[in-house]
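In what follows, a single structure is set out as structure tokens and then discussed.
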Amino acid sequence: MSDSSPITPDVARVLAEWSELRADRTRDTELAEVFAAFRRRVERLYAMDVGSFEFDFLHPMSHES
Numbered sequence: 001m002s003d004s005s006p007i008t009p010d011v012a013r014v015l016a017e018w019s020e021l022r023a024d025r026t027r028d029t030e031l032a033e034v035f036a037a038f039r040r041r042v043e044r045l046y047a048m049d050v051g052s053f054e055f056d057f058l059h060p061m062s063h064e065s
């Protein structure tokens, strides 16, 4: 399955089996929707531009007197 492949009920069944989740035909359709939503969320996270994000926690705190 490539990154752009749609998550069909059959693909969801394979993912559920791999994840050791209970799967059946009715649940496969629901899982396909959940897995597709999860993939969209992960894609949005990876699309964030963190190059301009200042990592404050990496800089020591400066205390001005």
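Going letter by letter, the sequence shown gives residues 1 to 65 in the numbering used here.
Even glycine gets a Cβ: it sits at the ideal position worked out from N, Cα and C.
### Task
Below 7 Å CB to CB, which residues in the same chain sit around F35 once its five sequence neighbours on both sides are set aside?
I7, A12 and L15
### For P9, the three-state DSSP class (helix, strand or coil)
helix
### Query
Just reading off the alpha helix (DSSP H) that D24 is part of, what are its end residues?
Careful: D24 lies outside any alpha helix (DSSP H) and carries neither H nor E.
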